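Visitor: Residue 1 is where the first sequence starts when you use UniProt numbering, and the numbers rise one by one after that.
All residues carry an ideal CB built from backbone N, CA and C; glycine is no exception.
All values derive from a computational prediction rather than experimental measurement.
I'd like to ask some things about the structure below.
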Amino acid sequence: MLSEVERRFRTNLLEWGQKNRREYPWRELNRTLYEVFVAEFFLTQTPAGNVAAVYPGFLKQFPTLDVIAEATEDELVEVVEPLGFQNMRAAALKQIASTHDHLPTEPASLMALPRVGQYVANATLCFARGDRLPVLDRNVERVYRRVFRDRWPETEADQLTFTQRLVPDEARAYNLALLDFGALVCQSEPLCKQCFANEYCAYFIESESYG
DNA sequence: AATGCGGGGGT
DNA sequence: ACCCCAGCATT
């Protein structure tokens, strides 16, 4: 059961996303699970522009997991270096490729891979396959905390449950819009004047009442 | 749930 | 040099 505000937010966000979605190579249609995974794996703690710079070259040199399995860790480090965290990332990718022919499609199985947590697992499956999973990073958390304030739970498990209810069948469009909205509008310094939610967002209403 | 970690980015 | 930080790992 969604509240009135929850339904409005979801609808408004989807509409906003249609016009404001950012284009990235890893968001192109028909990307494989592996291709989306590589992007999300790189995007943690790394600006999208940096990832965009190395992404095509990486996929060209390492088009599949078994190519990674055949490569040396140094070769991986070399390509991934501009992103930072190159040693950790190369080691994790090498370990994943040496134990898997293909990536699992269950969130828990993905999370069992080294350096793969809740965010990367859910984002990968949602964006590659449209799975109806909650995608929750710090930006998204900030958005929800502002809009829903009191109803936004404290513990991570409850936050995932809360978010899960809001994700519609168009999960991919919704979660992509959510990430872009957090990056473009509901930033640390939010642009409330241009925000579609400023009639019901708890944060904006409070800021208004304090003038 | 709390803490630690490796390391990028900004000041 | 310093502090802040996101996401994952570990306890």
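Let me confirm a value: Leu2 is counted as buried when at least 16 other C-beta atoms fall within 10 Å, else exposed. Which label applies?
Guide: To locate residue 2, count along the first sequence from 1; it is residue 2. Exposed is the call here.
Visitor: Counting only the same chain and skipping the five closest in sequence on each side, list residues whose C-beta sits under 8 Å from that of Leu65.
Guide: Within the first sequence, numbered from 1, the residue matching residue 65 stands at position 65. If we look at Leu65 and ignore the five residues flanking it on each side, its Cβ neighbours are Tyr34, Ile96, Ala97, His100, Asp101, His102, Leu103.
Visitor: Excluding the five sequence neighbours on either side, which residues of its own chain have a C-beta within less than 7 Å of the C-beta of Arg22, listed in chain order?
Guide: Mapped onto the first sequence, residue 22 falls at position 22. Once the five neighbours on either side are set aside, the close Cβ partners of Arg22 are Asp180.
Visitor: Verify whether the separation of the beta carbon atoms of Phe58 and Val79 is less than 7 Å.
Guide: Start at 1 with the first residue of the first sequence, and residue 58 comes out as number 58. Start at 1 with the first residue of the first sequence, and residue 79 comes out as number 79. Their beta carbons are under 7 Å apart, which means Phe58 touches Val79 by this criterion.
Visitor: Under the assumption that Leu133 contacts Cys126 (Cβ atoms under 8 Å), give the Cβ distance between them as a whole number of angstroms.
Guide: Along the first sequence, one-based indexing puts residue 133 at 133. Along the first sequence, one-based indexing puts residue 126 at 126. Indeed they touch by this definition, with Cβ atoms about 5 Å apart.
Visitor: Where does residue 212 land, buried or exposed, given buried means 16+ other C-beta within 10 angstroms?
Guide: Only positions 1 to 211 of the chain appear in the structure, and residue 212 is not among them; the question remains open.
Visitor: Given a cut-off of 7 Å, decide if Ala177 and Gly17 are closer than it, judged by their beta-carbon atoms.
Guide: As a working note, residue 17 is residue 17 in the first sequence. As a working note, residue 177 is residue 177 in the first sequence. Yes, the pair counts as a contact, with Cβ atoms nearer than the cut-off.
Visitor: Since Ser98 is in the alpha helix (DSSP H), which residue starts that stretch and which ends it?
Guide: Locating residue 98 in the first sequence gives position 98, where the first residue counts as 1. From DSSP, the alpha helix (DSSP H) with Ser98 extends over 86 to 99.
Visitor: Cα separation between Ala92 and Pro25?
Guide: Taking the first residue of the first sequence as 1, we reach residue 92 at position 92. Taking the first residue of the first sequence as 1, we reach residue 25 at position 25. Each residue's Cα considered, the two are about 23 Å apart.
Visitor: Quick check: what's the CA-CA separation for Val116 versus Tyr144?
Guide: The residue labelled residue 116 in the question sits at position 116 within the first sequence. The residue labelled residue 144 in the question sits at position 144 within the first sequence. Near 23 Å, if we compare the C-alpha coordinates of Tyr144 and Val116.
Visitor: Using DSSP with H/G/I as helix, E/B as strand and the rest coil, what is Met111?
Guide: Residue 111 sits at position 111 when you count from the first residue of the first sequence. Here Met111 sits in helix by DSSP.
Visitor: Would you say Tyr203 and Arg146 are within 7 Å of each other, going by their C-beta atoms?
Guide: To locate residue 203, count along the first sequence from 1; it is residue 203. To locate residue 146, count along the first sequence from 1; it is residue 146. Yes; because the gap between Cβ atoms is below 7 Å, this pair is in contact.
Visitor: How about Pro82 and Val54: do their beta carbons lie closer than 7 Å?
Guide: In the first sequence, the residue the question calls residue 82 occupies position 82. In the first sequence, the residue the question calls residue 54 occupies position 54. Contact flag set, yes.
Visitor: Pick out whichever of Arg129, Gln159, Phe162, Thr11 has its Cα sitting closest to the Cα of Arg31.
Guide: As a working note, residue 31 is residue 31 in the first sequence. Of the candidates Arg129, Gln159, Phe162, Thr11, the one whose C-alpha sits nearest the C-alpha of Arg31 is Arg129.
Visitor: Which same chain residues end up closer than 7 Å to Arg8 when comparing Cβ atoms and leaving out the 5 residues on each side of it in sequence?
Guide: Looking up residue 8 in the first sequence gives position 8. If we look at Arg8 and ignore the five residues flanking it on each side, its Cβ neighbours are Tyr200.
Visitor: Return the residue from the list Lys193, Asn198, Tyr174 that minimises the CA-CA distance to Arg10.
Guide: Numbered from 1 along the first sequence, position 10 holds the residue referred to as residue 10. If we check each option's Cα against that of Arg10, Tyr174 comes out closest.
Visitor: Can you give the Cα-Cα distance for Asn198 and Cys192, rounded to whole angstroms?
Guide: In the first sequence, the residue the question calls residue 198 occupies position 198. In the first sequence, the residue the question calls residue 192 occupies position 192. Rounded to the nearest angstrom, the two C-alpha atoms are 6 Å apart.
Visitor: With a threshold of 16 other CB atoms inside 10 Å of the CB of Ala112, please say whether the residue is buried or exposed.
Guide: Residue 112 sits at position 112 when you count from the first residue of the first sequence. Classification of Ala112: exposed, given that the 10 Å Cβ count is below 16.
Visitor: What are the start and end residues of the alpha helix (DSSP H) that includes Lys19?
Guide: Taking the first sequence and counting its residues from 1, one reaches residue 19 at position 19. That run of the alpha helix (DSSP H) goes 4 to 20.
Visitor: Note down the Cα distance separating Val77 from Gly49, rounded to an integer number of angstroms.
Guide: Counting from one through the first sequence, the residue named residue 77 turns up at place 77. Counting from one through the first sequence, the residue named residue 49 turns up at place 49. Cα to Cα, Val77 sits roughly 19 Å from Gly49.
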